[in-house]
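Peer 1:
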Amino acid sequence: MKWIGVSLLAASFLLPPFFAGDFYINLASQILIAAIFALSLNLLVGFGGMTSLGHASYLGVAAYISALLTSRYGFGHGTAAIVSIAGTTTMAAFFGVIALRATGLGFLMITLALSQVLWGLAYRMSNVTNGDNGVAGLTRPAPFGISLDSPASFYWFALIVTSFAFLMMATFVSSAFGSSLKGVRDQPRRMAALGFNPWLIRWITFVYAGFWGGISGLLYVYYNKYIHPTSLSTTSSAEALLGVIAGGSATLGGPVVGAALVLLLKNYASAYIERWNMLLGLVFLFIVLVMPIGIVPALGRWTTGLRRGSR
Amino acid sequence: MDDGITQGITMIPLAPDHALEIIDLKKAFGGLVVTQDVSLAIRPGERRLIIGPNGAGKTTLFNQISGDLRPDSGQIKLFGTDVTQFTPYKRAHFGLSRTYQIIMLFSGDTLEHNVTLGLLGLRRSRWQMWRPLSFYSDLATEARRTLDAVGLLHLAEHPVSDIAYGEKRRIELAMALAQKPRVLLLDEPLAGLSNTERSQVKSLIASIPRETTLIMIEHDMDTALDLAETVTLLNYGRVIADGGRDAVIADGRTREVYLGI
Numbered sequence: 019m020k021w022i023g024v025s026l027l028a029a030s031f032l033l034p035p036f037f038a039g040d041f042y043i044n045l046a047s048q049i050l051i052a053a054i055f056a057l058s059l060n061l062l063v064g065f066g067g068m069t070s071l072g073h074a075s076y077l078g079v080a081a082y083i084s085a086l087l088t089s090r091y092g093f094g095h096g097t098a099a100i101v102s103i104a105g106t107t108t109m110a111a112f113f114g115v116i117a118l119r120a121t122g123l124g125f126l127m128i129t130l131a132l133s134q135v136l137w138g139l140a141y142r143m144s145n146v147t148n149g150d151n152g153v154a155g156l157t158r159p160a161p162f163g164i165s166l167d168s169p170a171s172f173y174w175f176a177l178i179v180t181s182f183a184f185l186m187m188a189t190f191v192s193s194a195f196g197s198s199l200k201g202v203r204d205q206p207r208r209m210a211a212l213g214f215n216p217w218l219i220r221w222i223t224f225v226y227a228g229f230w231g232g233i234s235g236l237l238y239v240y241y242n243k244y245i246h247p248t249s250l251s252t253t254s255s256a257e258a259l260l261g262v263i264a265g266g267s268a269t270l271g272g273p274v275v276g277a278a279l280v281l282l283l284k285n286y287a288s289a290y291i292e293r294w295n296m297l298l299g300l301v302f303l304f305i306v307l308v309m310p311i312g313i314v315p316a317l318g319r320w321t322t323g324l325r326r327g328s329r
Numbered sequence: 023m024d025d026g027i028t029q030g031i032t033m034i035p036l037a038p039d040h041a042l043e044i045i046d047l048k049k050a051f052g053g054l055v056v057t058q059d060v061s062l063a064i065r066p067g068e069r070r071l072i073i074g075p076n077g078a079g080k081t082t083l084f085n086q087i088s089g090d091l092r093p094d095s096g097q098i099k100l101f102g103t104d105v106t107q108f109t110p111y112k113r114a115h116f117g118l119s120r121t122y123q124i125i126m127l128f129s130g131d132t133l134e135h136n137v138t139l140g141l142l143g144l145r146r147s148r149w150q151m152w153r154p155l156s157f158y159s160d161l162a163t164e165a166r167r168t169l170d171a172v173g174l175l176h177l178a179e180h181p182v183s184d185i186a187y188g189e190k191r192r193i194e195l196a197m198a199l200a201q202k203p204r205v206l207l208l209d210e211p212l213a214g215l216s217n218t219e220r221s222q223v224k225s226l227i228a229s230i231p232r233e234t235t236l237i238m239i240e241h242d243m244d245t246a247l248d249l250a251e252t253v254t255l256l257n258y259g260r261v262i263a264d265g266g267r268d269a270v271i272a273d274g275r276t277r278e279v280y281l282g283i
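Chains as they are written, first to last, in our numbering: chain A, 19 to 329; chain B, 23 to 283.
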């Protein structure tokens, strides 16, 4: 039953380039990018119990580094990508040391503050970042000489990266380290008494989440060929967090479903309603009231309920 | 100790006289003194029972031994090494294990997973990120062996939230036993158990090998005294009486403070 669902979901990701028009293929690419971003955030929120309101920092900084290196300093995409990911991961290592001085609400506030600093820099340091105008006129890389300029080719590229990211993060949470992380989330004191180092476990996860946040940022800037300070904003962090919670944190499918939901609402609803944020808020409210554990876990319970009922 | 020769001598790894040594331990929460000049020396393999009325500072003492609480002053030594500044996880790697008075388990996870975490805590493989935990069949085998030892193998696949209170107490014990500790702190392992469960846990504790030094807080004197060789009586954070079981029990102060006779 579970496998049927999983393979249906996988198949649905293979179909768009064959049947859908460019608009939908592009939408699907955006969903994949948002899915990596949400999955990386969920390592912190769902599996680590560290609710962050600053995860857009990693997406934004990776995107900015790549954008500036390729457009302004004439670096190739390969070098730019490596520097961008290395830089973002290093930043996560530093931010982790600062943010993990606290847990819970304190942690949330520090991540928020740090991301606000970066957002402010992107806005105000206009001699470097071009400020409110953003960095435009970017190109997509051509891995192995294959152009990614068509919607379909970019979609395949994004799908490969996303599948790999999903696999890596799925392995991470089911590994011995992932078990340690979940243990530290649930009973930090017990875990310390058993010989685990809670701080180090949290910090490594923080850095790993920053790394994958950076990967999603690269895809993001490749897709949009443009980067603006709003990508670093709290709204951007909060949207992802909303998606994670709506989809179901501490599951692997939840963030993917949640990210898709937020993007679909954004793209569809904004065509009809000007204040689409309000609609997003209402949908979120509905989810929290009807299925507080999130869409994916709620569906899981519902199907097991059906199966038991039909016996 | 500035003398080089003395230092040279102390560095020779002799078999230490004491598994656990506590020297002049002090701890206060604001104006409330909870540990006052506590000194204890427990030999390797000893079975020590710590008794005292509620609020005597028994669990607070355990929390300082395990590292959950830092003492204000004094020293804690494990096998001759000063561990006073060690974090709890470092002490665990030094062979110290404990259970909790208030059950602290991973309630959403299976019994087997709970015990596996106990095993994993002392292994390098706890850092492994690229390999699913389920691939470690040796961990599963050993977790099941420990579950069998506490008589809960038949519930291995059940989540902790499904099992009865007495069974949870045994899982508390199983997690600690899985680590094969050199020093084991048991904080009221019999609390809230029925008579049948009591005798089960009692024989379980009695079967712990002598390689493990046992320090136990327990109120159920009938059961606990059978397990103990030495007894320490605490009151208002002070050691009132300390020594062989029969001597401490016969001591007038024990009767006065604790037994209320």
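Backbone N, C-alpha and C define an ideal beta-carbon position, used for all residues, glycine too.
(1) In whole angstroms, what separates the C-alpha of Asp25 (chain B) from that of Pro38 (chain B)?
(2) Between Asp90 (chain B) and chain A, is the shortest Cβ-Cβ distance under 8 Å, so that the two count as touching?
(3) Over the uninterrupted beta strand (DSSP E) stretch that includes Ser249 (chain A), give me the two end residues.
(4) Where does His135 (chain B) land, buried or exposed, given buried means 16+ other C-beta within 10 angstroms?
(5) Taking contact to mean 3 or more Cβ pairs, one atom from each stretch, closer than 8 Å, check whether the stretch 78-85 of chain A and the stretch 96-108 of chain A are in contact.
(6) Please list the partners that Arg153 (chain B) has in chain A, where partner means a Cβ-to-Cβ separation under 8 Å.
(7) What three-state label does DSSP hand Thr51 (chain A) in the structure shown?
(8) Could you pull out every residue in the same chain whose Cβ sits closer than 6 Å to the Cβ of Asp242 (chain B), ignoring the five residues on either side in sequence?
(9) State yes or no: is the beta carbon of Ser214 (chain A) nearer than 8 Å to at least one beta carbon in chain B?
(10) Between Ala29 (chain A) and the rest of its own chain, which residues show a CB-CB distance below 6 Å, the 5 nearest in sequence each way excluded?
(11) Which chain B residues are close to Gly64 (chain A), counting only those with a beta carbon under 7 Å from its beta carbon?
(12) I'd like to check one pair, Ser197 (chain A) with Leu155 (chain B): are the Cβ atoms closer than 8 Å?
(13) Looking at the secondary structure, which residues open and close the alpha helix (DSSP H) in which Ile83 (chain A) lies?
(14) When you compare only the Cα positions, how much space is there between Asp40 (chain A) and Val301 (chain A)?
(15) Would you verify that the beta carbon of Met126 (chain B) is, or is not, closer than 8 Å to some beta carbon of chain A?
(16) Is the shortest distance between the beta-carbon of Tyr143 (chain B) and the beta-carbons of chain A less than 8 Å?
(17) Please name the residue, chosen from A:Ile313, A:Ser75, A:Met109 and A:Tyr76, that lies closest to Val274 (chain A) on a Cα-to-Cα basis.
(18) Can a CB atom of chain A be found closer than 8 Å to the CB of Pro203 (chain B)?
(19) Excluding the 5 residues flanking Glu210 (chain B) on each side, which residues of the same chain have their C-beta closer than 8 Å to its C-beta?
(20) What's the C-alpha gap between Gln29 (chain B) and Leu42 (chain B)?
(21) Hey, is Gly201 (chain A)'s beta-carbon within less than 8 Å of any beta-carbon in chain B?
(22) With distance defined between alpha-carbon atoms, name the residue in B:Thr106, B:Gly143, B:Met126 and B:Gln201 nearest to Pro231 (chain B).
(23) In terms of residue numbering, what span does the alpha helix (DSSP H) encompassing Arg220 (chain B) cover?
(24) Using only the alpha-carbon positions, how far apart do Ile31 (chain B) and Ile98 (chain B) sit?
(25) Quick one, which residues of the stretch 106-121 of chain B are near chain A if we go by CB-CB under 8 Å, in chain order?
(26) Could you work out which residues of chain A lie near Gln150 (chain B), taking near to mean beta carbons separated by less than 8 Å?
(27) When DSSP labels each residue in this structure, what does Glu68 (chain B) get in the three-state scheme?
(28) Compute the Euclidean distance between the alpha carbons of Val205 (chain B) and Ala227 (chain A), then round it to the nearest angstrom.
(29) Quick one: is Asp167 (chain A) near chain B, going by C-beta distance under 8 Å?
(30) Would you kindly work out how many angstroms separate the C-alpha atoms of Val253 (chain B) and Arg192 (chain B), rounded to a whole number?
(31) What residue ranges within the stretch 139-180 of chain A form continuous beta strand (DSSP E) runs of no fewer than 3 residues, ordered along the chain?
(32) So with CB distances below 7 Å, who are the chain A contacts of Gly259 (chain B)?
(33) Taking Cβ-Cβ distances shorter than 7 Å, what residues in chain B pair up with Asp344 (chain A)?
(34) Verify the CB distance criterion: does Ala210 (chain A) have a CB-CB separation below 8 Å to chain B?
(35) Comparing C-alpha positions only, which one of A:Leu260, A:Ile245, A:Ala268 and A:Ser254 sits nearest to Arg203 (chain A)?
(36) Tell me where the beta strand (DSSP E) around Ser119 (chain B) begins and ends.
Peer 2: Let me lay it out:
(1) Translated into the one-based positions of the second sequence, residue 25 (chain B) becomes position 3. Translated into the one-based positions of the second sequence, residue 38 (chain B) becomes position 16. Only weak support exists for where Asp25 (chain B) lies, its pLDDT of 42 falling under 50; the value from the coordinates is given anyway. Computed Cα separation, rounded: 21 Å.
(2) Looking up residue 90 (chain B) in the second sequence gives position 68. Interface residue, yes.
(3) Against the first sequence, residue 249 (chain A) aligns to sequence position 231. From DSSP, Ser249 (chain A) is part of no beta strand (DSSP E); its letter is neither H nor E.
(4) Mapped onto the second sequence, residue 135 (chain B) falls at position 113. Result: buried.
(5) yes
(6) Counting from 1 along the second sequence, the entry for residue 153 (chain B) is found at position 131. By Cβ distance, chain A contributes Thr189, Ser193 and Ala194.
(7) The count along the first sequence starts at 1 and reaches residue 51 (chain A) at position 33. Residue 51 (chain A) is actually Ile in this sequence, not Thr. DSSP places Ile51 (chain A) in helix when its eight states are reduced to three.
(8) By one-based count along the second sequence, residue 242 (chain B) stands at place 220. If we look at Asp242 (chain B) and ignore the five residues flanking it on each side, its Cβ neighbours are Leu212.
(9) Position 196 of the first sequence, counted from the start, is the residue given in the question as residue 214 (chain A). Just to set this straight, residue 214 (chain A) is Phe in the shown sequence, not Ser. So yes, Phe214 (chain A) belongs to the interface.
(10) Counting from 1 along the first sequence, the entry for residue 29 (chain A) is found at position 11. Excluding residues within five positions, none has a Cβ falling inside 6 Å.
(11) What you label residue 64 (chain A) is simply residue 46 of the first sequence in a count that begins at 1. What Gly64 (chain A) touches in chain B: nothing, since even the nearest Cβ is about 13 Å away.
(12) Indexing the second sequence from 1 puts residue 155 (chain B) at position 133. Indexing the first sequence from 1 puts residue 197 (chain A) at position 179. Yes, the pair counts as a contact, with Cβ atoms nearer than the cut-off.
(13) In the first sequence, counting from the first residue as 1, residue 83 (chain A) sits at position 65. Unbroken alpha helix (DSSP H) run through Ile83 (chain A): Ala74 to Ser89.
(14) Taking the first sequence and counting its residues from 1, the one referred to as residue 40 (chain A) is at position 22. Taking the first sequence and counting its residues from 1, the one referred to as residue 301 (chain A) is at position 283. Approximately 27 Å, taken between the alpha carbons.
(15) Taking the first residue of the second sequence as position 1, residue 126 (chain B) is located at position 104. Yes, Met126 (chain B) lies at the interface with chain A (some Cβ there is under 8 Å from its Cβ).
(16) Within the second sequence, residue 143 (chain B) is the residue found at index 121, counting from 1. The question names Tyr, yet the displayed sequence has Gly at residue 143 (chain B). It does: the Cβ of Gly143 (chain B) has a partner Cβ on chain A nearer than 8 Å.
(17) For the purposes of this step, residue 274 (chain A) is taken as the residue at position 256 of the first sequence. Cα-wise, what sits closest to Val274 (chain A) is A:Ile313.
(18) Along the second sequence, read from residue 1 onward, the residue named residue 203 (chain B) stands at position 181. Not an interface residue.
(19) Reading the second sequence from its first residue, position 188 is the one you call residue 210 (chain B). For Glu210 (chain B), where only same-chain residues beyond five positions count, the Cβ hits under 8 Å are Gln123, Ile239, Glu240 and His241.
(20) Counting from one through the second sequence, the residue named residue 29 (chain B) turns up at place 7. Counting from one through the second sequence, the residue named residue 42 (chain B) turns up at place 20. Low confidence applies here, because Gln29 (chain B) scores a pLDDT of 44, under 50, leaving its location unreliable; read the following figure in that light. Each residue's alpha carbon lies about 21 Å from the other.
(21) The residue given as residue 201 (chain A) occupies position 183 in the first sequence. Yes, Gly201 (chain A) counts as interfacial toward chain B.
(22) For the purposes of this step, residue 231 (chain B) is identified with residue 209 of the second sequence, where counting begins at 1. Checking every option, the nearest Cα to that of Pro231 (chain B) belongs to B:Gln201.
(23) The residue given as residue 220 (chain B) occupies position 198 in the second sequence. Element bounds for Arg220 (chain B): Asn217 to Ala228.
(24) If you number the second sequence from 1, residue 31 (chain B) lands on position 9. If you number the second sequence from 1, residue 98 (chain B) lands on position 76. Caution applies to Ile31 (chain B), whose pLDDT of 47 falls short of 50 and renders its modelled position unreliable; the value that the coordinates give is listed next. Cα-Cα distance, rounded: 21 Å.
(25) Thr109, Pro110, Tyr111, Ala114, His115, Ser119 and Arg120
(26) The residue you call residue 150 (chain B) lines up with position 128 of the second sequence. Result: Ser193, Ala194 and Phe195.
(27) Position 46 of the second sequence, counted from the start, is the residue given in the question as residue 68 (chain B). Coil.
(28) Within the second sequence, numbered from 1, the residue matching residue 205 (chain B) stands at position 183. Within the first sequence, numbered from 1, the residue matching residue 227 (chain A) stands at position 209. If you take the alpha carbons of Val205 (chain B) and Ala227 (chain A), they lie about 38 Å apart.
(29) Translated into the one-based positions of the first sequence, residue 167 (chain A) becomes position 149. It does not: the Cβ of Asp167 (chain A) has no partner Cβ on chain B nearer than 8 Å.
(30) For the purposes of this step, residue 253 (chain B) is taken as the residue at position 231 of the second sequence. For the purposes of this step, residue 192 (chain B) is taken as the residue at position 170 of the second sequence. Roughly 24 Å separates the two Cα atoms.
(31) none
(32) By 1-based counting over the second sequence, the position of residue 259 (chain B) is 237. Going along chain A, no residue has its Cβ under 7 Å from Gly259 (chain B), so there is no contact; the nearest lies around 22 Å.
(33) It is not possible to answer for residue 344 (chain A), since the shown part of chain A is limited to 19 through 329.
(34) Taking the first sequence and counting its residues from 1, one reaches residue 210 (chain A) at position 192. Yes, because at least one Cβ of chain B sits closer than 8 Å to the Cβ of Ala210 (chain A).
(35) One-based indexing of the first sequence puts residue 203 (chain A) at position 185. The shortest C-alpha separation from Arg203 (chain A) is found at A:Ala268.
(36) Residue mapping note: residue 119 (chain B) aligns to position 97 of the second sequence, counting from 1. Looking at the DSSP string, the run of the beta strand (DSSP E) that includes Ser119 (chain B) is Leu118 to Arg120.
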